[in-house]
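Student:
In full-length UniProt numbering, the protein residues as written are 1 to 742.
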């Protein structure tokens, strides 16, 4: 057995604790001395740990102190100490808290001749010569703590016993010439994990270990490491990236933005071109004599095109890649903008709206596929929040600007401006937009979790949850080394030509993708939940926009294009605030995950949906009642803002649920989502004018609002039974994800 460095220098800890036996200094930088006295009777035994035959005794810390240059604190009483009887070995887990919330953890080995048995007989003295040293100690302090200089340093320690207490001197690693601190740590840890003689000294964790019956169906992933002790928990990247630098999950933030920002721009322009006709209805009625019923039918034809387009364009995006479909659909949208700027007949309006709908069908689905390609679970809420902001800009802010521009009757100018934007985006997609569909290379390997994975306790251990928490610390450190997320430098980066490829083909059949989309929609309730929630959200957008264009152009309002456009501001402001729910949900799931043993469940996001659900329906009813009664326009605008807040919050979370639950079939799932969304929009577009004539605005909007409330609370059964459903559908999902599509 190797011996610790010998030196004749005394430890500075001798002066801080003068009544204790003197200890030697190893020639490193002294940090502190820690003295932990174990409770003599408060203990219990755990037999046959992990089937190894080891008996472990647990005892609490009775008292203790820590002192060093600029450091002084006390230990937490009854915070736990953990032994395992083995020849010449000892395992201990001690929870430690310093003044100002500074915590520490580490591993060390005892030397020969040290033997501990039961908690009531731990007052055996041993000396510094009888142990080796800590393999490492690390620290973590709050940002405002005077001890935050300790964050990130790695140290070793010397150990002896005095009167039943563990006495530890901590030394900073400063004299390992030519080696990085992390290399020293990994080398020492690997060396000591090769032995069955390990003494564990650990700190309180904010993530409890999962119980033996905890299940991980599709969508349930470890998001916070089991040793997530910091105020900012240790995140585990899900989905786990490969070590290939060409894997989109490994791209830099700037490179991801180069792909995602133009997608957001296309989203805004698509919804702009969708909403522009509603602003121009009053002008087209005056210029061409087209009735509001005919104009509403043109809007419905747009949704018919979108419904057909999701079947035509999305399966090729799954099979051949995203880039080619973005190029094709952006080119069609560009051509339709030119046609719309030059149209003169009702037939041209119908045909251009239908073809535009075909091309715009890819927006929701391919955007969601791209988000799944580029971003990790804990980032997708924010990404979807940005997507919804672009939807709201196109749906509600662009009409305001268009209303002012068309005030003098020059509505064609608006279409020429969208033509210019479409053309610029088409050029960008041609020369700068990379394919984000990733097919792993043979030499690429998926990285394992970046934190130690706990060995679950077996039922035969017969221990409580608290006991499991103490035990799991030792087992984790004893058996796992956390690998670093490193990129394989041997894998060459793709060339510009390869990154701009038009086809990234996989083996799915196009017909099989469509079949899988149908099966996915009806077999997986999470997908149906997303489809219904998102469909009704956009359905109410379409209904409100049509109501504004029809009702506010007539007495008592008599609004022109400017007034009709300005009525979109309220819902736009509300939607922007509601879309912030994406970022809020990303933060909230970390809190929920920590309470769930470090595991993320997609249904966690739904716990934030109660308030937006009430806001969406209540705001829509307020908009309808105040409009029907002819009240000042500010009141319908306030109702629109409340409605928009709920809309933004619900739709963002709904989109995340399907991606997080069934990522491997995101493309197929969103074919069904897009189909349902557009089918409902078709129905509301064709039915709105007859419904308005039959029931009147007041009754119609109240019915719509109550319907919206019922549909918005679909998240409640998903919260209750969502995980159980994912467990039951796991086999079907795995068959589809691995290529057996139906």
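The beta carbon of each residue, even a glycine, is placed where N, CA and C say it ideally should be.
Should residue 642 and residue 624 be called a contact, given that it needs their Cβ atoms to be closer than 8 Å?
Tutor: No; because the gap between Cβ atoms is not below 8 Å, this pair is not in contact.
Student: For residue 242, does the three-state DSSP call read helix, strand or coil?
Tutor: Residue 242 falls in the strand class under three-state DSSP.
Student: If you measure between the beta carbons of residue 287 and residue 655, is that distance less than 8 Å?
Tutor: Taking 8 Å as the Cβ cut-off, residue 287 and residue 655 do not qualify as a contacting pair.
Student: Counting pairs of beta carbons, one from the segment 273-284 and one from the segment 630-644, are three or more of them closer than 8 Å?
Tutor: Flag = no, the segment 273-284 and the segment 630-644 do not touch.
Student: Exposed or buried, residue 495, counting other C-beta atoms within 10 Å across all chains shown (16 or more means buried)?
Tutor: Exposed.
Student: Return the residue from the list 422, 221, 554 that minimises the CA-CA distance to residue 285.
Tutor: Checked all of 422, 221, 554; the closest Cα to residue 285 is 554.
Student: What three-state label does DSSP hand residue 593 in the structure shown?
Tutor: Helix, per DSSP.
Student: Taking just the CA atoms, how far does residue 209 sit from residue 469?
Tutor: Its pLDDT being 30, under 50, residue 469 is placed unreliably in this model, and the value from its coordinates should be taken loosely. Their backbone Cα atoms lie some 6 Å apart in a straight line.
Student: Unbroken alpha helix (DSSP H) runs of length 4 or more, entirely within the segment 559-630: which are they?
Tutor: Counting whole runs of 4 or more residues, the segment 559-630 contains the alpha helix (DSSP H) stretches 561-566, 568-579, 581-595, 610-628.
Student: Helix, strand or coil: which one does DSSP assign to residue 248?
Tutor: Reduced to three states, the DSSP call for residue 248 is helix.
Student: Roughly how many angstroms lie between the CA atoms of residue 689 and residue 546, to the nearest whole one?
Tutor: Cα-Cα distance, rounded: 9 Å.
Student: Label residue 731 either buried or exposed according to how many other C-beta atoms from any shown protein chain fall within 10 Å of its C-beta, with 16 as the threshold for buried.
Tutor: Residue 731 is exposed by the Cβ-count criterion.
Student: Do residue 726 and residue 217 have their beta-carbon atoms positioned less than 8 Å apart in this structure?
Tutor: Yes. Within cutoff.
Student: Here's the rule: buried if 16 or more other CB atoms are within 10 angstroms of the residue's CB, otherwise exposed. What is residue 373?
Tutor: Result: buried.
Student: What are the boundary residues of the beta strand (DSSP E) that residue 167 is part of?
Tutor: Start and end: 165-172.
Student: Compute the beta-carbon to beta-carbon distance between residue 660 and residue 219, rounded to the nearest angstrom, for a pair I have assumed lies under 8 Å.
Tutor: The Cβ separation is near 5 Å, so the contact holds.
Student: Does the distance from the CB of residue 646 to the CB of residue 615 come in under 8 Å?
Tutor: Closer than 8 Å, so yes.
Student: Alpha carbon to alpha carbon, what distance is there between residue 566 and residue 427?
Tutor: Near 32 Å, if we compare the C-alpha coordinates of residue 566 and residue 427.
Student: Once the 5 residues before and after residue 264 are set aside, which same chain residues still bring their CB inside 7 Å of it?
Tutor: Taken in chain order, the residues that qualify are 386, 387, 390.
Student: Would you mind giving the Cβ-Cβ distance between residue 64 and residue 36, rounded to the nearest angstrom? I have them listed as a contact below 8 Å.
Tutor: Yes, they are in contact, since the Cβ atoms of residue 64 and residue 36 sit about 4 Å apart, within 8 Å.
Student: Could you tell me the alpha carbon to alpha carbon distance between residue 327 and residue 429, rounded to whole angstroms?
Tutor: C-alpha separation (whole angstroms): 6 Å.
Student: Do residue 658 and residue 519 count as a contact pair if the criterion is CB distance below 8 Å?
Tutor: No, these two residues do not count as a Cβ contact at 8 Å.
Student: Classify residue 244: buried if its beta carbon has 16 or more other beta carbons within 10 angstroms, exposed otherwise.
Tutor: Result: buried.
Student: For residue 322, which of 364, 295, 578 has the nearest alpha-carbon?
Tutor: Checking every option, the nearest Cα to that of residue 322 belongs to 364.
Student: According to DSSP, what are the bridge partners of residue 67?
Tutor: Its beta-bridge partners are 33, 72.
Student: Tell me the rounded alpha-carbon separation between residue 613 and residue 524.
Tutor: Approximately 23 Å between the Cα atoms of the pair.
Student: So what does residue 642 bridge to, in DSSP terms?
Tutor: In the DSSP output, where bridge partners are listed per residue, residue 642 has none listed.
Student: Apart from the five residues just before and just after residue 438, which ones in its own chain have a Cβ nearer than 7 Å to its Cβ?
Tutor: Once the five neighbours on either side are set aside, the close Cβ partners of residue 438 are 247, 248, 373.
Student: Any idea if residue 489 is buried or exposed, counting beta-carbon neighbours within 10 angstroms, 16 or more meaning buried?
Tutor: Under this definition residue 489 is an exposed residue.
Student: Tell me the DSSP secondary structure of residue 501 in three-state form.
Tutor: Reduced to three states, the DSSP call for residue 501 is coil.
Student: For residue 222, which residues does DSSP report across the bridge?
Tutor: Paired residues: 599.
Student: Could you tell me the alpha carbon to alpha carbon distance between residue 251 and residue 434, rounded to whole angstroms?
Tutor: So the two alpha carbons sit approximately 11 Å from each other.
Student: Rounded to whole angstroms, what is the Cα-Cα separation between residue 308 and residue 633?
Tutor: Approximately 37 Å between the Cα atoms of the pair.
Student: Answer yes or no: do residue 272 and residue 325 have a C-beta to C-beta separation smaller than 8 Å?
Tutor: Not closer than 8 Å, so no.
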